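Below is one structure, written out as structure tokens; comments come after it.
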Amino acid sequence: MNKSLVACVLGSALLLNGCETVNTTSAGEVGVVRKQHMTTLLSSAQVNQAYAQDYKQTVGDASNKNILDKTSTEAVRVQAIADRLIAQAPTFRPDAAQWQWEVNLIKSDDLNANCGPGGKIIVYTGLIDKLQLTDDELAAVMGHEIAHALREHGREALSKSYGLNIAQQVAIAAGAPASIVEVGNNGVNLLMTLPNSRTNENEADLIGLELAARAGYNPNAAITLWEKMSKADEGAPPEFLSTHPSSSSRTAALQGAIPKVMPLYENARKS
């Protein structure tokens, strides 16, 4: 079986994976309108529930290790910023108002924060302390992570994984040599999975920018945030093999969107 036939088999198998085409969020002022392909075998509610269980375990483990911070000034600060951002989430999807949002600060040197499906937020103290983040910059990070949850990027990634697994099984059943199947899978990974991951990052940047602006945080802080991130992340791989945009392309996209959301920021400051 030649490579072109393997590609056809892979494509056909993806179609066999029951899916729906949706746009999980409204466009907002930043204009994120990409249609997303989600598997019908895994609902939003199922993904949210599964992640909530993992989140509970992570928070429980942190508590047992005495690294869960619920009372410090920093923890109060994180919660306050999160509350303002969460209040703006229904702008992009009304059902987010019913999500069971949770926010926790964990003592760790990790330069990280995330918001999982269903609104489960974790911020690590290393991110704040090492980068000396201002409130505006912290809002940019948290807005970005909340945007991933609003866009259901996690479920989207799982949907791709389902399709690729089915594709591999079909290709092998059709008699493709294992070496050719590997080449085909690597091609699909580079041509589909990684570019879409960068697209997801760009979407999170833009939606997060608008969330922060609507919450009254200066959108220009997104630029200084990623400048700090870039300095802390020297030796990053080339953009074409990375799931994150390069610093230059990320900054350019944010700078192009800031004028769209600046009026929102200015209005929020007046209210």
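UniProt numbering applies: residue 1 is where the sequence shown begins, and numbers increase by one. Quick reminder that beta carbons are idealized off the backbone N, C-alpha and C, glycines included. Small disclaimer: the values here were computed from a predicted structure and weren't measured.
Are three or more beta carbon pairs between the segment 194-211 and the segment 63-72 nearer than 8 Å?
-> no
Under 7 Å between C-beta atoms of residue 203 and residue 32 | yes
What residues are listed by DSSP as bridge partners for residue 22?
-> 36
So, residue 145 versus residue 113, is the Cβ gap smaller than 7 Å?
-> yes
Can you name the start and end residues of the beta strand (DSSP E) that residue 278 belongs to?
-> In this structure the chain extends from 1 to 271, so residue 278 is not present and cannot be described.
Alpha carbon to alpha carbon, what distance is there between residue 216 and residue 269?
-> 6 Å
Quick one: measure Cβ to Cβ for residue 85 and residue 139, integer angstroms, because I've assumed they're closer than 8 Å.
-> Rounded, the Cβ-Cβ distance is 6 Å, consistent with contact.
Grab the span of the alpha helix (DSSP H) containing residue 231 for me, first residue to last.
-> 221-232
The beta strand (DSSP E) spanning residue 305 covers which residue range?
-> Outside the shown range of the chain (1 to 271) lies residue 305, about which nothing can therefore be said.
Tell me whether residue 110 sits in a helix, a strand or coil according to DSSP, three-state version.
-> In this structure, residue 110 counts as coil in the three-state DSSP scheme.
Per DSSP, residue 123 forms a beta bridge with which residues?
-> 105 and 113
So, are the CB atoms of residue 211 and residue 143 less than 7 Å apart?
-> In this structure, residue 211 sits near residue 143, with a CB-CB distance shorter than 7 Å.
Mind the definition here: the segment 87-96 touches the segment 45-62 only if three or more C-beta pairs lie below 8 Å; say whether that holds.
-> no
Apart from the five residues just before and just after residue 103, which ones in its own chain have a Cβ nearer than 7 Å to its Cβ?
-> 78, 79, 82 and 121
When DSSP labels each residue in this structure, what does residue 85 get in the three-state scheme?
-> helix
CA-to-CA distance, residue 158 to residue 49, given in whole angstroms = 14 Å
Are there 16 or more other CB atoms within 10 angstroms of the CB of residue 35, so buried, or fewer, so exposed?
-> exposed
Could you tell me whether the Cβ atoms of residue 261 and residue 29 are closer together than 7 Å?
-> yes
So, helix, strand or coil for residue 211, using DSSP?
-> helix
Residue 141, enclosing alpha helix (DSSP H) - first and last residue | Per DSSP, residue 141 belongs to the alpha helix (DSSP H) from 135-150.
Considering only residues of the same chain and omitting the five flanking positions on each side of residue 23, which have a CB-CB separation below 8 Å?
-> These residues qualify, in order along the chain: 33, 34, 35 and 36.
Would you tell me roughly how many angstroms separate the C-alpha atoms of residue 266 and residue 41, rounded to the nearest one?
-> 43 Å
Alpha carbon to alpha carbon, what distance is there between residue 110 and residue 264?
-> 32 Å
Residues bridged to residue 69 by DSSP?
-> 105
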